[in-house]
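Numbering (the working numbering), first residue to last: -11 to 146. All residues carry an ideal CB built from backbone N, CA and C; glycine is no exception. This one's a predicted model, so the numbers in the text were calculated from it and none came from an experiment. Report on the following structure.
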């Protein structure tokens, strides 16, 4: 969370979006309406400093890209031993064991449908030329290929 906030806090970032994100983080994790009001395990003094800094940032009074650093380091210090234990015991699953996401399943299904499509004909047999027609044809999605009658051309000629 903290690294992403620092990356977003460059001059090219959308300032209003960042203010809304900071206000949301403050309301969800530091001053929650759900019990307990502090949703992360950090000391109260760090929570109060971070919450005040987040409020100042959201109001546009003080722009500090390091406003979550104290909370980040407090949480990181607690989680580091658990992460070390996890990374020692974690084994990455084999490629064939990783479950597919919904998007990947949809793409796989579409690829199978595409692969199973019948191959279109490369040679087309045109109907024979009826009497009173000239050697030109018309095509429509509704009727397909038809020979154009001479009478039709004369009706449309001005």
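Cutting at 8 Å between CB atoms, please list the residues of its own chain near residue i, excluding the five before and the five after it.
{"i": "residue 105", "result": "none"}
Near residue i, what residues of its chain come up, given a Cβ to Cβ distance below 7 Å and the 5 sequence neighbours on each side ignored?
{"i": "residue 64", "result": "none"}
{"i": "residue 59", "result": "28, 30, 34 and 38"}
{"i": "residue 149", "result": "Outside the displayed span of the chain (-11 to 146) sits residue 149, for which this structure offers no information."}
Smallest Cα separation from residue i: which of the options?
{"i": "residue 9", "options": "26, 30, 72 and 48", "result": "48"}
{"i": "residue 14", "options": "103, 102, 44 and 128", "result": "44"}
{"i": "residue 112", "options": "80, 132, 67 and 94", "result": "132"}
{"i": "residue 2", "options": "32, 46, 41 and 40", "result": "46"}
{"i": "residue 40", "options": "24, 25, 23 and 19", "result": "19"}
On the DSSP letters alone, give me the boundaries of the alpha helix (DSSP H) that residue i sits inside.
{"i": "residue 95", "result": "90 to 103"}
{"i": "residue 7", "result": "3 to 13"}
Could you name the residues that DSSP lists as bridge partners for residue i?
{"i": "residue 126", "result": "134"}
- Run through the region 46 to 73 for me and flag every whole alpha helix (DSSP H) of 4 or more residues, listed as ranges in chain order. Inside the region 46 to 73, DSSP marks no whole alpha helix (DSSP H) run of 4 or more residues.
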